[in-house]
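Participant: FYI, the numbering for the sequence shown is 7 to 207, going by the working numbering.
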Amino acid sequence: CQQDPKRQKNVSNYYCSNFGANFLAGCVPNSAPSPAATDLFLPKIPVPLPEFEPEMPTFSCENENAKKTSPVSVSNLQSIAARQRRRKITNKIQELGKLIPGGHKMRTAEMLQAAYKYVNFLQAQVGVLEAMWSFHQGKEEALMHSQELPNLLISQAIQEKLYSEEKCLIPKDFVQTLASDYQIQSKPLIIEEINRILLTS
7 CQQDPKRQKN
17 VSNYYCSNFG
27 ANFLAGCVPN
37 SAPSPAATDL
47 FLPKIPVPLP
57 EFEPEMPTFS
67 CENENAKKTS
77 PVSVSNLQSI
87 AARQRRRKIT
97 NKIQELGKLI
107 PGGHKMRTAE
117 MLQAAYKYVN
127 FLQAQVGVLE
137 AMWSFHQGKE
147 EALMHSQELP
157 NLLISQAIQE
167 KLYSEEKCLI
177 PKDFVQTLAS
187 DYQIQSKPLI
197 IEEINRILLT
207 S
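(1) What are the complete alpha helix (DSSP H) segments, minimum 4 residues, inside the stretch 120-196?
(2) Cβ-heavy atom distance between Ser85 and the ligand NAP below 7 Å?
(3) Going along the chain, which residues of its own chain have a beta-carbon closer than 7 Å to the beta-carbon of Thr206, five neighbours each way excluded?
(4) Might you give, ordered along the chain, the residues of its own chain that have their beta carbon closer than 6 Å to the beta carbon of Tyr169, omitting 5 neighbours on each side?
(5) Any idea if Ile164 is buried or exposed, counting beta-carbon neighbours within 10 angstroms, 16 or more meaning buried?
(6) Ordered along the chain, which non-local residues of its own chain (more than five positions away) have a Cβ less than 7 Å from that of Thr44?
(7) Comparing C-alpha positions only, which one of Asp187, Glu116 and Gln84 sits nearest to Phe141?
(8) Look at the alpha carbon of Ile197 and the alpha carbon of Ala185, and state the distance between them as a whole number of angstroms.
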């Protein structure tokens, strides 16, 4: 590079490179400038290093702990559901004990057996009332008996005695009326049972 004598004092403002043999048709190889020249023209910019956070693998300890604790969670849910079922059963048994005469004094097994007998007693007693009404065909006598029976059956002591002995309440005069009926007399098993009731009453 030749310098003009008139502008010799400004030579430091330029960078002159020597063209090598690879120069062809105005093309210059992309060669890096010298460090001294780079310091003259380019400011030093600090380049921050990228920070990399390590990525946790999919088979981390967290997933293993979740697998270990999952059976415990299922067990807890099952125990909660079992407690709720037992609580419901206990509440229902307590309600049943209020409906059965003397049920509050019984344990669960005794109460269930008493409930079975009590339901049979109620069905038999309703059957007696229906038979009385149909036999007398709605006459005043049937109405009188149907009014007397509920007054007696209000007593829980009478109900408890009747269903525990598997018996129901029947007016004696109604049994006597049945014994004199010709249709009942034609049935030996029924008339035998009626006579037994009359003898024990």
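Every residue, glycine too, gets a C-beta built ideally from N, C-alpha and C.
Facilitator: So, from the listed chains and residues:
(1) 146-159, 162-170, 178-185 and 188-191
(2) Ligands displayed in this structure: none; no statement on the ligand NAP is therefore possible.
(3) Within the sequence shown, numbered from 1, the residue matching residue 206 stands at position 200. No residues qualify anywhere along the chain.
(4) Stepping through the sequence shown from its first residue, residue 169 is reached at position 163. Once the five neighbours on either side are set aside, the close Cβ partners of Tyr169 are Lys123, Tyr124 and Phe127.
(5) The count along the sequence shown starts at 1 and reaches residue 164 at position 158. By the neighbour-count rule (16 or more Cβ atoms within 10 Å), Ile164 is not buried but exposed.
(6) Numbered from its first residue, the sequence shown carries residue 44 at position 38. Unreliable placement is indicated for Thr44, whose pLDDT of 49 sits below 50; the coordinate value is still reported in the next sentence. Sequence-distant partners of Thr44 (beyond 5 residues in either direction) whose C-beta falls short of 7 Å from its own C-beta are missing from its chain.
(7) The count along the sequence shown starts at 1 and reaches residue 141 at position 135. That would be Asp187, whose Cα lies nearest to the Cα of Phe141.
(8) To locate residue 197, count along the sequence shown from 1; it is residue 191. To locate residue 185, count along the sequence shown from 1; it is residue 179. The alpha-carbon atoms of Ile197 and Ala185 are separated by roughly 6 Å.
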